[in-house]
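Number of protein chains: 4
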Amino acid sequence: MSRISLSGIFPPIPTPFKADEGIDYKHLQSNLDRWNQEPLAGYVVGGSNGEFVFLTVEERVEVVRAARQAIPRDRLLIAGSGMESTRETIDLTRRMAQAGADVAILVTPSYYKSRMNVAALEHHYSQVADASPIPVMLYSVPANTGLDLPAQAVIALATHPNIIGLKDSGGDITKIGFMAQETRNADFQIVAGSAGFFLAALGVGAVGCVPALGNIAGGKLAQLLECFKRGDIAGARAIQLPLIEANTAVTARFGVPGLKAAMDMLGYYGGPVRSPLLPLSEADIVELRRVLIKVGLPIH
Amino acid sequence: MSRISLSGIFPPIPTPFKADEGIDYKHLQSNLDRWNQEPLAGYVVGGSNGEFVFLTVEERVEVVRAARQAIPRDRLLIAGSGMESTRETIDLTRRMAQAGADVAILVTPSYYKSRMNVAALEHHYSQVADASPIPVMLYSVPANTGLDLPAQAVIALATHPNIIGLKDSGGDITKIGFMAQETRNADFQIVAGSAGFFLAALGVGAVGCVPALGNIAGGKLAQLLECFKRGDIAGARAIQLPLIEANTAVTARFGVPGLKAAMDMLGYYGGPVRSPLLPLSEADIVELRRVLIKVGLPIH
Amino acid sequence: MSRISLSGIFPPIPTPFKADEGIDYKHLQSNLDRWNQEPLAGYVVGGSNGEFVFLTVEERVEVVRAARQAIPRDRLLIAGSGMESTRETIDLTRRMAQAGADVAILVTPSYYKSRMNVAALEHHYSQVADASPIPVMLYSVPANTGLDLPAQAVIALATHPNIIGLKDSGGDITKIGFMAQETRNADFQIVAGSAGFFLAALGVGAVGCVPALGNIAGGKLAQLLECFKRGDIAGARAIQLPLIEANTAVTARFGVPGLKAAMDMLGYYGGPVRSPLLPLSEADIVELRRVLIKVGLPIH
Amino acid sequence: MSRISLSGIFPPIPTPFKADEGIDYKHLQSNLDRWNQEPLAGYVVGGSNGEFVFLTVEERVEVVRAARQAIPRDRLLIAGSGMESTRETIDLTRRMAQAGADVAILVTPSYYKSRMNVAALEHHYSQVADASPIPVMLYSVPANTGLDLPAQAVIALATHPNIIGLKDSGGDITKIGFMAQETRNADFQIVAGSAGFFLAALGVGAVGCVPALGNIAGGKLAQLLECFKRGDIAGARAIQLPLIEANTAVTARFGVPGLKAAMDMLGYYGGPVRSPLLPLSEADIVELRRVLIKVGLPIH
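Quick mapping for you: the protein sequence lines, in order, are chains G, Y, C and F. Here the numbering used here runs 12 ahead of the position in the first sequence, where the first position is 1. Here the numbering used here runs 12 ahead of the position in the second sequence, where the first position is 1. Here the numbering used here runs 12 ahead of the position in the third sequence, where the first position is 1. Here the numbering used here runs 12 ahead of the position in the fourth sequence, where the first position is 1.
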């Protein structure tokens, strides 16, 4: 079996909605057509930026199926298939494989967080990886789940033959470095879950990035990676540092509504979010525009 | 329209599973038959203790429908119908009404917690309450969701004619008192979301309780409420204080697996939990048994 | 040795400063003269509201000595003598006894919070209690220290003959009830560290209160306690609930600057705070005034 | 005035105590004599690893004075002079300058954390920097203080002519990168406050490190810095990654007692900690030894 590489930029794409909150498949395709012109290694479909928690299971599968039509085979389609229960996660992961996903990415179950200890998480992920017809990635995003996947669980799971990596959105760079060290002999790849610490993560052993910012600045992030690979740290830093503020704007600060608004400003289709997310206020849009202009993005 | 009273004890019942994790409707009924002998005012079906996040939408509705068959009309059936999206919450709430629920209880959406500000939460709950054919309750459970429903949102929503109350599982008694004060002129009732602070909550204006402990010690909690109502604080305290340790055992400490194990010890059907929850270890079972015996529960 | 009662209201008095931030002993006395007219059981001197962390050790002792001159013998003077190190805490506690303190109150050491486990805290408090010529109280105030004194440590320390109680400012009412239950056979008294949860704490076994609000509304709080003692819960609640907002204003919301501003509004001497605390803004003062008027305090 | 460089490794040295907890000046000197053989750029004296919160003000000054005798003029002596109050911080900073400190490092005041907003912190640090005869550094260590110095305050203070840098022990690498970007035109240097994220911090613009681990592995850390400076990222990473576990052992995991125990194992004088810190248990010592051997340190 040829090894799947997670090196590169994999934007976690938003799910486009129409005014009535129905899924807008036409704009899903037009966005992908444009992203396909960018130097991206693939896409995460149905992740946190895809508002997966607002989609029915059917919708989650359909969005992946539709995205696959627009994504060339030489770009990875990484599908979010995490659910709270192990049995439903297994079921959805299988369906995602049938719908054309190359890899499944599995957010931590988190509702019963006080019981989600290392043993429970290891058991969950092992069961799903055993049952999955496609390779799986772990996914830790404490800002959303309130749960930080423990390093100890990651290190143990890295030896599973069907678990190929981790998307770490927590950004604790000491922890990332520790996991890189402890999994160095395993077939396991770490990707940064946000552009804010991409260079730092590369420095300690990560190989790629799944950045919300990649939806609007994928070219810059691919360039950062190239600089790093050829040992040009100064060059990589010159790209990284100015992007932090813009990255924060489309993540922690303004969230998915901010990312979608930024896409609208940059010629993609962002469109509405599903409720209870609210669209940005006028003042927030002004501020977002200022930040994007500051970083040199081609705002309309 | 006659006002619905939330005074009394409303255990949030677990969903019984068979060995294969399928729903065990027979034991759902037998448990309810026994609880119906206890001095309870009703039940929460499909709440956090019901492992609702592990059930499909269909299962959630079916469990409510089945429970209704076993719950007499003079006891309230409060059905958990919260989803992350407003549209799905509305849909499920309507289905719960059709399935026989008297009241819907709506956990806070929480995945995009940084965006779940007062405006977003007010909008979400207002939309659902407008659309619901049955009265709704707010539900704040930060230990699971990582989000504490802000007092300001509760106070504003209390004036909605179809929002009748709040289940507060956070247990910040200062906040509960403040909300009781600020909603005193509204048709709005607060219930404690855990038996650990039941007496304290009554003291500052709550009227009832939705306690995990109510599944195994409903009689004692009903007695506590009676003491309080007739002004016998010393009597109420004599019941309350020894119960705290047992309550913690079946909530924060051992979670739903602990509650189900306790039910097995006490002649109810607890049975397995769904994965990724794990059953208690042998050592934990010994400790749980010790705590339950200490409080005088009739362990087999 | 006659047992010291912690039943009653014990305001933690602010340390008055002159415009140059020097201690204003004249106004310390005039404030105490007025408080002595109120139905208070005593005072905490050099606590969190006394800005003790901004005082030198010499100043801390001198303020206690001066306060003792103005405090009648039948009112308790409880002096804050906590330091980070055990040796300095012992030394200061002895000096406080010589300066006239009846009881010493000892904030948790907290700088090395990851090492302040149950064993370390038990050792610290035991050493100090052994060495102290006067009875000592434990003091947990996580909003300031970032450390919540574990119930397990409190329960163990409650049996020490020279440890007479706990001031709990964390306000976790379930924990307070649990500690009351587990220390019921010890000579140990719990007092609420804030007026916001005073009634709730009484309900689960606390006997008194050390409330910032007691500096400006001591009479109301004493009345609340009287209602509770005679079984008039409705009366106690009618006092408690409206006070929560005012209490929050002079604690969590506006802090010591808010308390001092409120004192200035009510005919006491509040005066400046020491830097880095800043005085309230004009807008905050307007808001504070509104809250105090709402609760019926006699604002000038 | 020649600019002071913070490039290099600056161990925050422990304060050696005798068995009776008195300061052991002899071993302070012998430790420094040995560190002076290592490729270090200077020392932080009286920082968190120096147990400064357990020292009297007199002791803090005396330790700096004694250390200065043993520290050659071409190595920086950075003295911890932070206190909770602005006035005492100013006073102590002046005394540290007289005692021979080259730079003062100022931990955030944190007791009244809810009031320590950007305005209060800017005011505090500006006042101290104005009054200080020597350059000052900001110091953010949320694991101890519970307060993370906001980026906005750092960026504003970076323009002050007497504020030369920041020691960041929080380790949020996105924040560090953002501050580096926003202060790029100021005369301001960022140093990593822990060896765990040293390489990552260098990658985003930091220039040095104040690592507890530098007390026992200063040579390795200096080598890491050299690799980085000459563009050898792979070499730097090969040093960085294995050190993370050892670094965690002498910081987050075992704290100052762990650092002192490690020093004892490596031929320095570690000695006892002051109470309420407790010495390591036997089991912890075994584990610490294992970790240090794993990383190749020359354990006796």
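Beta carbons are placed, not taken as given, at the ideal position from N, Cα and C, and that holds for glycine.
Taking C-alpha positions only, F/S144 is separated from F/H136 by approximately 12 Å. In the three-state scheme derived from DSSP, where H, G and I count as helix and E and B as strand, G/G54 is classed as strand. In the three-state DSSP reduction, G/Y151 falls in the strand class (E or B). With fewer than 16 other Cβ atoms inside 10 Å of its own Cβ, Y/A295 counts as exposed. For the stretch 141-165 of chain G, the set of positions with a beta-carbon nearer than 7 Å to some beta-carbon of chain F is empty.
For C/G189, the C-beta contacts it makes with chain Y under 8 Å involve G208, F209, L211, A212, Q252, L253, I256, in order along the chain. Interface flag for G/I245 against chain F is set, since a Cβ pair is found closer than 8 Å. Judged by their CB atoms, Y/P254 and C/Q193 are nearer to each other than the 8 Å cut-off. Residues of chain C with a Cβ closer than 7 Å to the Cβ of F/Q201 do not exist, since the nearest Cβ in that chain sits about 24 Å away.
For G/A192, the neighbours in chain F by C-beta distance under 7 Å run, in chain order, L253. Annotation for F/A116: the continuous beta strand (DSSP E) segment containing it runs 115-119. Residues of the stretch 217-233 of chain G that bring their beta carbon within less than 9 Å of a beta carbon in chain F comprise G217, in sequence order. When C-beta distances to chain F are compared with 8 Å, the residues of the stretch 85-106 of chain C below that value are E96, S97, T98, R99, E100, in chain order.
Nearest neighbour of F/M95 by Cα position, chosen from F/D86, F/I188, F/L89, F/R107, turns out to be F/R107. C/N48 is classed as exposed because its beta carbon has fewer than 16 other beta carbons within 10 Å across all chains shown. In the structure shown, the three-state DSSP call for C/A264 is helix. Residues of the stretch 15-31 of chain C with a C-beta atom less than 9 Å from some C-beta of chain Y do not occur. Not a single C-beta of chain F is nearer than 8 Å to the C-beta of G/G182. The beta carbon of G/I117 does not come within 8 Å of any beta carbon belonging to chain F, so the residue lies off that interface. Annotation for G/A207: no beta strand (DSSP E) segment contains it, and DSSP assigns it neither H nor E. In its chain, beyond the 5 residues on either side, L18, S19, Q201 have a beta carbon closer than 6 Å to the beta carbon of Y/V219. For C/S138, the closest Cβ of chain F is not nearer than 8 Å. Its chain contains E257, A258, A261 as the residues whose beta carbon lies nearer than 8 Å to that of C/V303, once the 5 sequence neighbours on both sides are disregarded; these appear in chain order.
Not flagged as an interface residue toward chain C: Y/I305, since no C-beta distance is shorter than 8 Å. Contact check for Y/L89 against Y/T27 fails: the beta carbons are separated by 8 Å or more.
Taking C-alpha positions only, G/T101 is separated from C/S60 by approximately 51 Å. Three or more beta-carbon pairs separated by less than 8 Å link the stretch 230-248 of chain F to the stretch 197-211 of chain F, which places the two stretches in contact. Shown here, C/D45 sits in a helix according to DSSP, grouped into three states.
Interface criterion met: the Cβ of Y/T186 is under 8 Å from a Cβ in chain C. Contacts between C/V75 and chain F, judged by CB atoms closer than 9 Å, are missing: the closest CB pair is about 15 Å apart. In the DSSP assignment, G/G92 falls within the beta strand (DSSP E) that extends over 88-92. Taking C-alpha positions only, Y/I117 is separated from F/D244 by approximately 59 Å. Residue-level contact by beta carbon holds for C/G215 and chain Y, with a gap shorter than 8 Å. Beta-carbon to beta-carbon, F/A224 and F/L271 are separated by about 5 Å, close enough to satisfy the 8 Å threshold. Where C/K179 is concerned, the enclosing beta strand (DSSP E) starts and stops at 175-180. DSSP places Y/D276 in the helix class (H, G or I) of the three-state scheme.
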